[in-house]
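The C-terminal position of the sequence shown is numbered 321 in UniProt numbering, with every residue numbered one higher than the one before it.
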Amino acid sequence: EKFKDGLTKTRDNFSNKVNDLVSRYRKVDEEFFEELEEILIGADVGFDTVMELVEELRREVKRKNIQDPRDVQAVISEKLVEIYDSAGETSTELNIQTEGLTVILFVGVNGVGKTTTIGKLAHKFKNEGKSVLLAAGDTFRAGAIEQLEVWGERVGVDVIKQGAGSDPAAVMYDAVQAAKSRNADILICDTAGRLQNKVNLMKELEKVKRVIEREVPGAPHEVLLVLDATTGQNAMIQAKTFKEATDVSGIVLTKLDGTAKGGIVLAIRNELEIPVKFVGLGEKMDDLQEFNAEQYVYGLFA
Ligand code: GDP
20 EKFKDGLTKT
30 RDNFSNKVND
40 LVSRYRKVDE
50 EFFEELEEIL
60 IGADVGFDTV
70 MELVEELRRE
80 VKRKNIQDPR
90 DVQAVISEKL
100 VEIYDSAGET
110 STELNIQTEG
120 LTVILFVGVN
130 GVGKTTTIGK
140 LAHKFKNEGK
150 SVLLAAGDTF
160 RAGAIEQLEV
170 WGERVGVDVI
180 KQGAGSDPAA
190 VMYDAVQAAK
200 SRNADILICD
210 TAGRLQNKVN
220 LMKELEKVKR
230 VIEREVPGAP
240 HEVLLVLDAT
250 TGQNAMIQAK
260 TFKEATDVSG
270 IVLTKLDGTA
280 KGGIVLAIRN
290 ELEIPVKFVG
300 LGEKMDDLQE
310 FNAEQYVYGL
320 FA
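Next comes the structure, spelled out in structure tokens:
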């Protein structure tokens, strides 16, 4: 239900247009496909992904000898799920250790909803009975540490921090030691999201990861990239840059509730081949949902 609610804007945009399209056309012809392409591109599905999808649709329509445009709608859903699933790993499950500490690193530029997502995820783990610690690794942006502390308080988990401007790697070292000595299950680490300089970003993330790896063999167990769904193609560019800078294991797409262009999920997934593990559907603690391709696609039409 939450998933469905969060997709309201996209659904209103997308399914209304598709419904309108299939009711206007009497047969499935080239013009029909062209209009469909425009609708999909308008929903931020991404050019390459749209081309792939519409090509598949053309083939399927021919194969099944579909004449009535209204019968194309079900095929669209089917093909959207297929395209999503065929782009590699689909599991949204986080790599959580059954024994010992799990370290989750968060990356992403400022304003995308990184702090909020860390808070939501900490809340989710706490609800599952796990003990959680947060590491304030964004020592660069003014207010980042305080903002993480606000979430820590709200959720009831401690934040390991140093002063503003301190070395993020040193914060990580402290945080790992604290997590070990407290027998914490999960350590969630914030990082600075400076994209202006890719070399610096890469260096900082490398350094932070090196400390974590050295102190906890096999860690970080997840590197989650947070992207803002409302930023469309900008989110794609960010994703590409971070993918080059570090090994991203999953994506959290925030503010899906705030956009009519939720097709960005498919573009990111299909063009980057990184699974979308969570989506943000609001500003509150409970507004983080595990991503599910079928729920998503059928939510676009339901
Ligand atoms: P950060 O700079 O990346 O840490 O971003 P914040 O966590 O501070 O979030 C920036 C703004 O986006 C805040 O006003 C959040 O409440 C809001 N936000 C974060 N996630 C979501 C979401 O899933 N939906 C909506 N509607 N707002 C969100």
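In this text, a Cβ means the ideal position worked out from N, Cα and C, and glycines have one as well.
On a predicted model such as this, the values are computed, not experimentally measured, just so you know.
- For Glu241, there is no enclosing alpha helix (DSSP H); the residue is part of the beta strand (DSSP E) that begins and ends at 241-247.
- Annotation for Gly107 indicates a beta carbon at 6 Å or more from all heavy atoms of the ligand GDP.
- If you ignore the 5 residues before and after Gly25, its C-beta comes within less than 6 Å of the C-beta of Leu275, Asp276, Leu300, all in its own chain and listed in chain order.
- DSSP links Gln308 through a beta bridge to Val298.
- In the displayed model, Asp39 falls within a helix according to three-state DSSP.
- Taking 7 Å as the cut-off, the Cβ atoms of Ile205 and Val271 do not count as close.
- Pairing Lys36 with Ala248, the inter-Cα distance amounts to about 20 Å.
- Following the DSSP letters along the chain, one finds Gly171 inside the alpha helix (DSSP H) bounded by residues 163-174.
- Annotation: the continuous alpha helix (DSSP H) that includes Gly138 extends over 133-146.
- A check of alpha carbon separations from Ile95 across Ala106, Leu140, Glu75, Cys208 identifies Glu75 as the nearest.
- The Cβ-Cβ distance between Ile207 and Ala155 does not fall below 7 Å.
- Restricted to the stretch 75-144, the beta strand (DSSP E) segments that are unbroken, complete and at least 3 residues in length are 121-126, listed in chain order.
- In terms of CA proximity to Val126, Thr265 leads the group Tyr103, Arg89, Thr265.
- Our two residues, Ser268 and Asn311, have alpha carbons roughly 17 Å apart in a direct line.
- Apart from the 5 residues on each side of it in sequence, Met191 sits with its Cβ closer than 7 Å to the Cβ of Ala154, Gly156, Cys208, Val227, Val230, Ile231 in its chain, given in chain order.
- The C-alpha of Leu243 lies about 7 Å from the C-alpha of Ile123.
- Using a cutoff of 6 Å, the CB of Lys296 does not count as near the ligand GDP, since none of the ligand's heavy atoms is closer than that.
- In the three-state reduction of the DSSP assignment, Ile293 falls in the coil class, being assigned neither a helical nor a strand state.
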